[in-house]
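Okay, so the sequence shown: first residue is 50 according to my numbering, each after it adds one. Idealized CB from N, CA, C, for every residue including glycine. Since we're looking at a predicted model, the values are computed, not measured. Have a look at the structure below, then the notes.
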Amino acid sequence: MKCDDRCQLCGFEGESVNHMLFTCHLPRKCWAISNIPSPRYDFSDQSIYENIAYLLKVIKDVRFDVEVNRSWLWILWYLWKNRNTFIFEGKLFEAEEITKKAKEEADVWFLAQQVQSGMDKMEAGVIEQGAHGNVQTIAKGCVLCEFDMDRSKGCGLMGAAWIVKDEKGRVLEHSRRAFSDVKSID
Ligand SMILES: [Zn+2]
């Protein structure tokens with residue numbers, strides 16, 4: 050089958066995955082406005098391995114903001130989706146939309162992991178009971194309800210979970226939920 054192997058965005062001959070994710074003008078702009086630190090000599094136009102290796106290194110660098118850097122995978126993902134949406138549906142998203150969406154989705158993902166880990170801890174019965182580490186006793190015939198929540202600064206997303214245990218600490222019920230547009234946790 051005869052295919053057009055030019056980049057449909059800029060006309061570059063021999064479109065590659067590396068070009069589409071790093072060196073075409075759209076990904077360049079996305080990386081620039083994402084605030085993820087760029088390589089000193091820019092992303093390589095030869096090696097996608099070098100570029101991914103750079104990102105894997107920079108996200109572990111404690112000098113940079115983890116909440117900014119952690120969206121890198123979602124940026125790659127939305128660049129890829131954007132390229133396909135453009136080719137097959139003729140729709141093209143701006144760099145600002147791509148990075149905003151990537152940041153939001155990354156925040157939602159990490160928030161969900163926090164809620165999950167909070168639930169796991171509760172279910173395993175390892176909730177810290179105050180500074181002295183006392184095991185909380187539940188009066189006979191009563192139940193204990195515990196809850197926890199976490200809110201992502203800036204985007205108004207919140208995850209919350211609760212659990213009810215009987216007097217022997219056995220889990221009776223539990224649930225979790227994500228909330229959006231939370232103005233305040235008061
Ligand atoms: Zn291009």
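Beta-carbon to beta-carbon, H68 and C52 are separated by about 15 Å, too far to satisfy the 8 Å threshold.
K214 counts as buried, since no fewer than 16 other beta carbons sit within 10 angstroms of its beta carbon. Across the structure, L193 and E216 are spaced so that their CA atoms are roughly 7 Å apart. In the three-state reduction of the DSSP assignment, L193 falls in the strand class, which pools E and B. A check of alpha carbon separations from E195 across V220, L206 and G205 identifies V220 as the nearest. Taking the Cα of K150 as reference, the smallest distance to any Cα among Q95, L128, A161 and E138 is reached at L128. Around G208, the same chain offers L160, V164, D199 and A227 as residues with beta carbons nearer than 6 Å, after the five sequence neighbours per side are excluded.
Each of C56, L58, C59, F61, H68 and C73 has a C-beta closer than 6 Å to some heavy atom of ligand 1; these make up the full list, in chain order.
For the options S96, H223, L122 and W126, the alpha carbon positioned closest to that of K170 is the one of H223. H68 has no beta-bridge partner at all, per DSSP. The region 64-79 makes contact with the region 87-104, as at least three CB pairs between them are under 8 Å. DSSP places E216 outside both helix and strand once states are collapsed to three, so it counts as coil.
Residue burial is scored here from C-beta neighbours: R132 has at least 16 other C-beta atoms within 10 angstroms and is therefore classed as buried. The Cβ-Cβ distance between S120 and K152 falls below 7 Å. CA-to-CA, the gap between I108 and T186 works out to about 43 Å. The alpha-carbon separation between E62 and D54 amounts to approximately 7 Å. Spatial neighbours of L141 in its own chain (CB-CB distance under 6 Å, excluding positions within 5 residues in sequence) are listed in chain order as F135.
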